[in-house]
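Chemist: I have a structure here, written as structure tokens, and I will follow up with some questions on it.
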Amino acid sequence: MTNRAPLKQRIHAGEILIGVNVPITSTQSQLETILGKDDYAFVWIDSQHAPLNEERLVEFCQMAEAMGVHVQLRIKHTRFTYLIGNILDLGPTGVEVPQVEQESSVLEAVDNFHYPQQGVRSWGGSARWGLKDHPDPADYMAWWNNTGVLWIQIESIHAVSNARRLAKPGVDCLSWGPMDLSLNRQRYPDHPFQTDDDCVRYTLHQLEGTDVKLMYRNYTADLRNKYIDMGATVLLETPKP
1 MTNRAPLKQR
11 IHAGEILIGV
21 NVPITSTQSQ
31 LETILGKDDY
41 AFVWIDSQHA
51 PLNEERLVEF
61 CQMAEAMGVH
71 VQLRIKHTRF
81 TYLIGNILDL
91 GPTGVEVPQV
101 EQESSVLEAV
111 DNFHYPQQGV
121 RSWGGSARWG
131 LKDHPDPADY
141 MAWWNNTGVL
151 WIQIESIHAV
161 SNARRLAKPG
171 VDCLSWGPMD
181 LSLNRQRYPD
191 HPFQTDDDCV
201 RYTLHQLEGT
211 DVKLMYRNYT
221 ADLRNKYIDM
231 GATVLLETPK
241 P
């Protein structure tokens, strides 16, 4: 992983990328075991539905950085977009914002994710990813803006219907929340989108002509080809047994 291009560049190049969900409590040996089971391009950790200890997040990200492994963190709530800069100061290489429906949420996420003049993220934080290799502030800010990965998670019919408006410049992926989307679809039994696949196809159609890719939670490797054939290029799985 250490000799490959940054994940952001690989995403925009349309490379098929498989990530894996790992516990933030993983030790180095446990993480090495998980990563050794497949050619994973990144690891994903969750704070929306799991406890988040900031000191442990710093330790985990430092361990992953030493291994050359990209860390994507899902933040706790849609409204926490104002905290994205603070969260990134603890070491993740990217964030995922859950349950996004409004353009304003995307714009705030983009602003707080990027340094000036692309955004408004404040300068500071000794635990930031890549800082030792880019100690000059101007160099680091330019490097980060071209390296950090921002996902916007869509989990409702409304979000699917407005996916094009959520795919703002500065967003790398629209990420999929199949469970919450399934629950939301039940509220609209007469909606034209009757299945998850209907929603995926419509979203991919809206992303045509943009630089934003679709990240799908396929969970198990046997479903990879289905969603790759549909047009998803970034996938997220649970570790193989």
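First residue of the sequence shown? That's 1 in the working numbering, and the numbers climb one at a time after it. All residues carry an ideal CB built from backbone N, CA and C; glycine is no exception.
#1: If you reduce the DSSP assignment to three classes, tell me which class leucine 151 lands in.
#2: For asparagine 145, which residues from the same chain have a beta carbon less than 7 Å from its beta carbon, with the 5 sequence-adjacent residues on both sides left out?
#3: Comparing alpha-carbon positions, which option in Asp111, Glu208, Thr33, Leu90 lies nearest histidine 12?
#4: So methionine 230 and cysteine 173 are in contact, right, with Cβ under 8 Å, and what is the actual spacing, rounded?
#5: State the start and end residues of the unbroken alpha helix (DSSP H) segment that holds glycine 85.
#6: Rounded to whole angstroms, what is the Cα-Cα separation between valine 160 and aspartate 139?
#7: Could you check where the beta strand (DSSP E) with valine 20 kicks off and where it finishes?
#8: Determine the burial state of serine 122: buried for a count of at least 16 other Cβ atoms within 10 Å of its Cβ, exposed for fewer.
#9: With a cut-off of 8 Å on the beta carbons, I'd call proline 92 and leucine 73 a contact; round off their distance for me.
#10: Which residue wins for smallest C-alpha separation from threonine 238, given the options Met141, Leu204, Ile45, Gln186?
#11: Does the Cβ of methionine 141 have 16 or more other Cβ atoms within 10 Å, making it buried, or fewer, making it exposed?
#12: Between which two residues does the beta strand (DSSP E) holding lysine 76 run?
#13: Report yes if the C-beta distance between glutamine 153 and serine 182 is below 8 Å; otherwise report no.
#14: Could you spell out the range, first to last residue, of the beta strand (DSSP E) harbouring tyrosine 219?
#15: Short check: CB of tryptophan 284 to CB of glycine 94, under 8 Å?
Modeler: Well, looking at it:
#1: Position 151 of the sequence shown, counted from the first residue, corresponds to residue 151. What sits at residue 151 in the sequence shown is tryptophan, not leucine. Residue state, collapsed to three classes: strand.
#2: Locating residue 145 in the sequence shown gives position 145, where the first residue counts as 1. Same-chain partners within the cutoff: His114, Tyr115, Gln118.
#3: Indexing the sequence shown from 1 puts residue 12 at position 12. Nearest C-alpha to histidine 12: Glu208.
#4: Position 230 of the sequence shown holds residue 230. Position 173 of the sequence shown holds residue 173. Between cysteine 173 and methionine 230 the Cβ distance is about 15 Å, and since that is not below 8 Å, they are no contact.
#5: The residue you call residue 85 lines up with position 85 of the sequence shown. 84–88 is the extent of the alpha helix (DSSP H) around glycine 85.
#6: The sequence position of residue 160 within the sequence shown is 160, counting from 1. The sequence position of residue 139 within the sequence shown is 139, counting from 1. Roughly 37 Å between the two C-alpha positions.
#7: Along the sequence shown, read from residue 1 onward, the residue named residue 20 stands at position 20. Counting along the chain, the beta strand (DSSP E) containing valine 20 begins and ends at 17–21.
#8: Position 122 of the sequence shown holds residue 122. Serine 122 is exposed by the Cβ-count criterion.
#9: Looking up residue 92 in the sequence shown gives position 92. Looking up residue 73 in the sequence shown gives position 73. Right, their Cβ atoms sit about 4 Å apart.
#10: Sequence index remark: in the sequence shown, residue 238 carries index 238 (1-based). Out of Met141, Leu204, Ile45, Gln186, Ile45 has the C-alpha closest to the C-alpha of threonine 238.
#11: As a first step, residue 141 is located in the sequence shown; it is residue number 141 there, counting from the start. Buried: at least 16 other Cβ atoms inside 10 Å.
#12: Here residue 76 refers to the residue found at position 76 of the sequence shown. Premise fails: lysine 76 is in no beta strand (DSSP E) and is neither H nor E.
#13: As a first step, residue 153 must be located in the sequence shown, where it is residue number 153. As a first step, residue 182 must be located in the sequence shown, where it is residue number 182. In this structure, serine 182 does not lie closer than 8 Å to glutamine 153 by Cβ.
#14: On the sequence shown, position 219 is the one that residue 219 refers to. For tyrosine 219, the enclosing beta strand (DSSP E) has its first and last residue at 213–219.
#15: The structure shown has nothing for residue 284, since the chain only spans 1 to 241.
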